[in-house]
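Structure record follows, encoded as structure tokens.
There are 6 protein chains.
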Amino acid sequence: MRILAVNVNTTDAMTEMIGKQARSAAAPGTEIIALTPHFGAPSIEGNFESYLAAVAVMDRVVSYRGEYDAVILAGFGEHGREGLQELLDVPVVDITEAAAHTACLIGRTFSVVTTLDRAVPMIEDRLKLAGLASRCASVRASGLGVLDLDEAPSRTIDAVVAQAKAAVEFDRAEVIVLGCGGMAGIEHAIREATTVPVVDGVAAAVKLAETLVALRLSTSKVRSYAAPRPKSITRWPMTPPPT
Amino acid sequence: MRILAVNVNTTDAMTEMIGKQARSAAAPGTEIIALTPHFGAPSIEGNFESYLAAVAVMDRVVSYRGEYDAVILAGFGEHGREGLQELLDVPVVDITEAAAHTACLIGRTFSVVTTLDRAVPMIEDRLKLAGLASRCASVRASGLGVLDLDEAPSRTIDAVVAQAKAAVEFDRAEVIVLGCGGMAGIEHAIREATTVPVVDGVAAAVKLAETLVALRLSTSKVRSYAAPRPKSITRWPMTPPPT
Amino acid sequence: MRILAVNVNTTDAMTEMIGKQARSAAAPGTEIIALTPHFGAPSIEGNFESYLAAVAVMDRVVSYRGEYDAVILAGFGEHGREGLQELLDVPVVDITEAAAHTACLIGRTFSVVTTLDRAVPMIEDRLKLAGLASRCASVRASGLGVLDLDEAPSRTIDAVVAQAKAAVEFDRAEVIVLGCGGMAGIEHAIREATTVPVVDGVAAAVKLAETLVALRLSTSKVRSYAAPRPKSITRWPMTPPPT
Amino acid sequence: MRILAVNVNTTDAMTEMIGKQARSAAAPGTEIIALTPHFGAPSIEGNFESYLAAVAVMDRVVSYRGEYDAVILAGFGEHGREGLQELLDVPVVDITEAAAHTACLIGRTFSVVTTLDRAVPMIEDRLKLAGLASRCASVRASGLGVLDLDEAPSRTIDAVVAQAKAAVEFDRAEVIVLGCGGMAGIEHAIREATTVPVVDGVAAAVKLAETLVALRLSTSKVRSYAAPRPKSITRWPMTPPPT
Amino acid sequence: MRILAVNVNTTDAMTEMIGKQARSAAAPGTEIIALTPHFGAPSIEGNFESYLAAVAVMDRVVSYRGEYDAVILAGFGEHGREGLQELLDVPVVDITEAAAHTACLIGRTFSVVTTLDRAVPMIEDRLKLAGLASRCASVRASGLGVLDLDEAPSRTIDAVVAQAKAAVEFDRAEVIVLGCGGMAGIEHAIREATTVPVVDGVAAAVKLAETLVALRLSTSKVRSYAAPRPKSITRWPMTPPPT
Amino acid sequence: MRILAVNVNTTDAMTEMIGKQARSAAAPGTEIIALTPHFGAPSIEGNFESYLAAVAVMDRVVSYRGEYDAVILAGFGEHGREGLQELLDVPVVDITEAAAHTACLIGRTFSVVTTLDRAVPMIEDRLKLAGLASRCASVRASGLGVLDLDEAPSRTIDAVVAQAKAAVEFDRAEVIVLGCGGMAGIEHAIREATTVPVVDGVAAAVKLAETLVALRLSTSKVRSYAAPRPKSITRWPMTPPPT
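The structure is reproduced here in structure tokens:
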């Protein structure tokens, strides 16, 4: 089985981290191809950047020449999953939803700890559309930007632990969801500090993608995610596939 | 006052129709500039096309050189309003929300009559995020594609009337909202056939944009729609402004 | 265009203030007629007084002899809008809803800052019925009675600013709505102190009433707000129109 | 124990019917005083009439000279309960809510069968504010006006049975609530025809009022229903108590 | 009239307390039979124990040989009411729901003060299923275990008062519901300390059971609570009735 | 990895079918142990039977002597998952929730097709508590009892297909969930007839259990599902483990 794990920003180091995390979760026999979009912002911290990333991710996948069995959208709280689902016949798993669904299986409520305060509404909106908001105790911001995360792991851990502890104590969260693709790898530290289970979206998405492939399930094409009607679209794909 | 009314698809005839409808609603002294995106699909009938349109609209506005006081996003049920709000200091009014807010002032419930069945979930999602879903009795599809609308006005009217009447009778709608920018101009025919008020989003958006400008109100910049952080973004804007 | 702006209490000074605020928002060519009910309480701070005001407002409008194009119900969180809509063919705009709809156009969430704690549930109920509660971050009380407001503007501003700042910081409000007709005129001070947009309901209602008139839209008469059936009603109108 | 059962319309025959129904439900030792408002409409079938009734009921109760232990507001879907709760120290029980609470104890869902289509939204709103809407499967109209009810009992029963059966079959109601004070007395016929339990609001309200008195419980005065602040109110009470 | 009040745990002292409280609320002529299950936990403080109690209560009622007119399920936040409703033709009243319905009649919001933190989610779930969650301001834990309650009444009162006061002040509760069958008898102390009405579920359930019996209403058998289909069930009842 | 798949009824043939279905979904290396409770009903079609099954399942698992890595609760819409989560340290996956979470990954909405009409409310309640109701388009009954299912596969398929097609057409479902453990094996037939993806809960639960084990995630023990406090419980476990 081959899974594409598509980063939403253009930072190669983050794509590598996502690939590494995905591989550590993958079953034997699952190959992970981590992709970086051909354009967009080096980190996604707002709606403008997220909409641009949605298109860049679709462009990246569409211009990919190999075969694959599933796609993971590796941006937390980002736009674009619905578009990919229309374009593809294979399953598309968004890490936000993958993490939330997984958290629901192991606790009555979960809290998301994310990066900047401005990402909170975006995540709340994605959870609302996914019908998962009622299980979400809170979305909390650590105050760190996306690219600050890997520069100072210990500072990241401290900031996330502080919010995670507050979520458990004040918001009555029973599970913590790491609210950024770039937080992969710190699950164990957060778990140790809070004693509650910690879910990373990239790992969860890999397993759920494997699950769908194993069950021979893929996106329903009956209405919301039917394939686009044939049209003459200007400048699409934006990045022509290599010849 | 100058308002940009941005079409979401690349069909110039529809841009003209939007401009005409906007002008007919505008107060004396309000100038309407109707814009067509530089790329994208000739009609938006799904999430992939809508995400692409969101970026194309942002690109079109950002590469526009003139001054303006407000922007109207003239695609019903489309993505992108949040991104524009981040990029601009002037008010941004989406026609979906403009129509829904206006309908709420004149009836207890409203129904949207749109084009294809596949547009229904997109519109429902936008209304849900806008917190307006509880006033929406139903979103119904006429079965006509976006570009079918202006080709056969009488067929359009018949198809919309049929769904509008069903909405009033079975879904208990008290107001009908026209669920496509391309339906502008048929309000009166629908109103006559159903006897309930009919709201066109483009006209409503013009008046609400004028309202915001008159009240010196614009998008709050405190959190959700704060300006993007300065970043080096690849290929942005996609269409460099003319020199 | 002529708009009736009807105060809900019997205090003439407040009617004047409402008229002044309405006029400052009105377009050239819009005439504002500010009316005081013929009976009721000097300030409305509870359900009993509000129900009485609902009837007094309907009585005042029904006994008004002139012509008019729209009516503004200038009591924040008050009862009565539905009754007026049944009695009249012209649009009726409630300042609570006008402010909330306007706030939704410029921020993801809004908070209302009102007078006494006991007004909070009434406002929450009106927003709930209007289907706007999900965008409302909080309704906060300044602790000042309705008639305390104009006696000490600076004290009013201080009390409202304190709650507005708390709403932005703790409740994550992005827009502040002034939750009393008598707060008209302090928008700018609150805006300066909080840096978020501030919406006054009277001004918003004037613009939305103008919008409806311009769009030739008025209350749907199909069900909820159909004209009352002809009946012999005892003591109605309560104040016979002058002969 | 003495309970005031206040009709909301001015039709004495309906007051008598309400009194009779209340007495048939009352415990030995409970005295029922049925009151007719001094003004208002002969039947309440809309918001204007309902607001007027709210004030007329408050006026009637306030001008009543005797002692009493509880008040029943005997109008289904009507305004006014909150105002009475502010004015009085004894419990106030609204028949809409009494019926709904009672229905919740004996079935998973209930449907209301009421008079005219235009009453449906009013009842839905009262249930929504009461937080009981999620248990309500539907509110259906029989098409009969309030005053048609007692003129032709068999026609009333047929019309109500038809809607009640539809509610059980199509809306999955498990209990039927009679949605008009004037439907008292036909419970048994509806029950026989549908085989599901049928709740009359007047009877339910009497028992719940007795329950509150027996438990020495009355309206909380801490916030929403605190007594009105002392004020000089013009024309109140509207009907001076007899000297 | 004879009412069975069934304790959910196996502690006889608590059964006695429940019986005493029920009798103090019962009308003259109502006989209370307090029953203890034949198996289960001495106190119910979690889902495992609650599910076991649900079966033990059904077993206790089914193996009871006498006649009775209604059953009260005297465990706050416990499972099992739906099963009893299927098995019996007489009304079944759960104290959680009885208290919540009663509280709704006398205040806009109520808070529950219960025992341990781990009971909070269970109570929230029961209120959610009962459709009463929107009126519930909060469920707060006093930190005392069920069996700690009667050992130290004054400590119980202090702990409950502290949470009740916090509920009124911070959660805007207007009524306090005692969230444990074992708290019966401290209503007056809590009421005095908080000045808001206090509802005990056992007392409320007795009155509501009497109400249903008086109104000749019982569980609808049309769908959710239809009698079980005849089946050969292994080991049921678990406790054979005495011969 | 070893997973216990626990049937909720006492019918061995159904346990076998569950085991077979689970094995067909399991990854190489995953061993499935299918267990039948020691007591209860031969099929679960109501709340009484479901509560009894909840206890019987807990009893069966507790009295099982072997080691295992996860438990699957193989009754659709049944009680008991919370109790098992308290008792065990390994993950517990309920097939209702497993199916619903899986369906959410491949369609915007899903419908459940179950057995008898009386099972519908139970399933709705479980989905409501799981916070998944907003994605559920409908729960429909095929009219077949649990034990009718395997007696006449073709009749089962016809009945399920009829409801599944109606769900897609009228309720706008995009995915069908098989609402009974005994429907395992007919996914392909339903899928072929409806063209939408079909999810079987047992298969989904196996993959999600494997997912949790692979991610080293298990139930949070911080509040809702903390281990029961040590107590002396009468008759527990009901079936002593074999010596």
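Residue numbers (my numbering), protein chains in the order written: chain U, 954 to 1196; chain S, 954 to 1196; chain A, 954 to 1196; chain P, 954 to 1196; chain F, 954 to 1196; chain Y, 954 to 1196. Beta carbons are placed, not taken as given, at the ideal position from N, Cα and C, and that holds for glycine.
Asked                                                                                                                                                                                              : Found
Could you please give the first and the last residue of the uninterrupted alpha helix (DSSP H) stretch that includes residue 1015(A)?                                                              : 1000-1015
Going along chain Y in order, which residues have a C-beta closer than 7 angstroms to the C-beta of residue 1149(U)?                                                                               : 1173, 1175
For residue 1074(P), decide whether its Cβ has a neighbour in chain A, counting only Cβ atoms nearer than 8 angstroms.                                                                             : yes
Report the partner residues of residue 1180(Y) according to the DSSP bridge assignment.                                                                                                            : For residue 1180(Y), which the question treats as bridged, DSSP gives no partner whatsoever.
Tell me the residue span of the alpha helix (DSSP H) that contains residue 1123(A).                                                                                                                : 1106-1123
Against chain F, with Cβ distances strictly below 8 angstroms, would residue 911(P) count as a contact?                                                                                            : Residue 911(P) lies beyond the stretch modelled for chain P, which goes from 954 to 1196, so this question has no answer here.
Let's test the definition: count the other Cβ atoms within 10 Å of the Cβ of residue 1074(A) and tell me whether it reaches 16, buried, or not, exposed.                                           : buried
Assuming residue 1149(S) and residue 1130(S) form a contact by the criterion Cβ under 8 angstroms, report the distance between their Cβ atoms to the nearest whole angstrom.                       : At roughly 11 angstroms, the Cβ-Cβ gap does not stay under 8 angstroms, so residue 1149(S) and residue 1130(S) are not in contact.
With 8 angstroms set as the bound, which would you pick, yes or no: does the beta-carbon of residue 1180(S) sit closer than that to a beta-carbon of chain A?                                      : no
Around the Cβ of residue 1123(A), are there at least 16 other Cβ atoms within 10 angstroms (buried) or fewer (exposed)?                                                                            : exposed
Nearest-angstrom Cα distance between residue 1003(U) and residue 967(U)?                                                                                                                           : 16 angstroms
Between the stretch 1047-1067 of chain A and the stretch 1172-1180 of chain P, are three or more C-beta pairs nearer than 8 angstroms?                                                             : no
How about residue 1159(Y) and residue 987(Y): are their beta carbons less than 8 angstroms apart?                                                                                                  : no
With which residues is residue 992(A) paired in a DSSP beta bridge?                                                                                                                                : Answer is none; residue 992(A) lacks a bridge partner.
In whole angstroms, what separates the C-alpha of residue 1146(P) from that of residue 1152(P)?                                                                                                    : 14 angstroms
Would a check of beta-carbon distances place residue 1164(P) closer than 8 angstroms to chain F?                                                                                                   : yes
Please report the straight-line C-alpha distance between residue 1113(Y) and residue 973(Y), rounded to a whole angstrom.                                                                          : 21 angstroms
For the stretch 973-996 of chain P, list every residue whose C-beta sits within 8 angstroms of some C-beta in chain A, in sequence order.                                                          : 991, 992, 993, 994, 995, 996
Can you give me the C-alpha to C-alpha distance between residue 1043(A) and residue 1034(F), rounded to a whole angstrom?                                                                          : 52 angstroms
Counting only runs of 4+ residues fully inside the stretch 1055-1092 of chain F, write out the alpha helix (DSSP H) ranges in chain order.                                                         : 1072-1082
Look up residue 1130(P) in the DSSP assignment and give the residues it is bridged to.                                                                                                             : 1065(P), 1152(P)
Hey, could you find the ends of the beta strand (DSSP E) residue 1047(A) is sitting in?                                                                                                            : 1045-1047
Scan the stretch 1003-1028 of chain Y for residues whose Cβ lies nearer than 7 angstroms to a Cβ of chain F and list them as they occur along the chain.                                           : 1004, 1005, 1007, 1008, 1011
Chain F partners of residue 1127(P), CB-CB under 8 angstroms?                                                                                                                                      : 1173, 1175, 1176, 1177, 1178
Please state the DSSP three-state secondary structure of residue 1140(S).                                                                                                                          : helix
Which residues does DSSP list as the beta-bridge partners of residue 1041(A)?                                                                                                                      : None; residue 1041(A) has no bridge partner.
From residue 1041(Y) to residue 1192(F), what distance separates their C-alpha atoms?                                                                                                              : 28 angstroms
Suppose the cutoff is 6 angstroms on Cβ atoms and the five residues either side in sequence are ignored; what does the same chain contact list for residue 964(S) look like?                       : 995
Hey, quick one: how far does the alpha helix (DSSP H) through residue 971(P) stretch, first residue to last?                                                                                       : 965-978
Contact between the stretch 1074-1090 of chain Y and the stretch 1047-1058 of chain Y is defined here as three or more beta-carbon pairs at a separation below 8 angstroms; is this criterion met? : yes
DSSP state of residue 1027(Y), grouped into three classes?                                                                                                                                         : coil
Within 8 angstroms of any Cβ in chain U, is that where the Cβ of residue 960(S) sits?                                                                                                              : no
Could you check whether residue 1076(Y) and residue 1132(Y) sit closer than 8 angstroms to each other, using their CB atoms as the reference points?                                               : yes
Among 1167(Y), 1078(Y), 1025(Y), 1182(Y), which residue has its Cα nearest to the Cα of residue 971(Y)?                                                                                            : 1025(Y)
According to DSSP, is residue 1168(P) helix, strand or coil?                                                                                                                                       : coil
Does the beta carbon of residue 1054(A) come closer than 8 angstroms to any beta carbon on chain S?                                                                                                : yes
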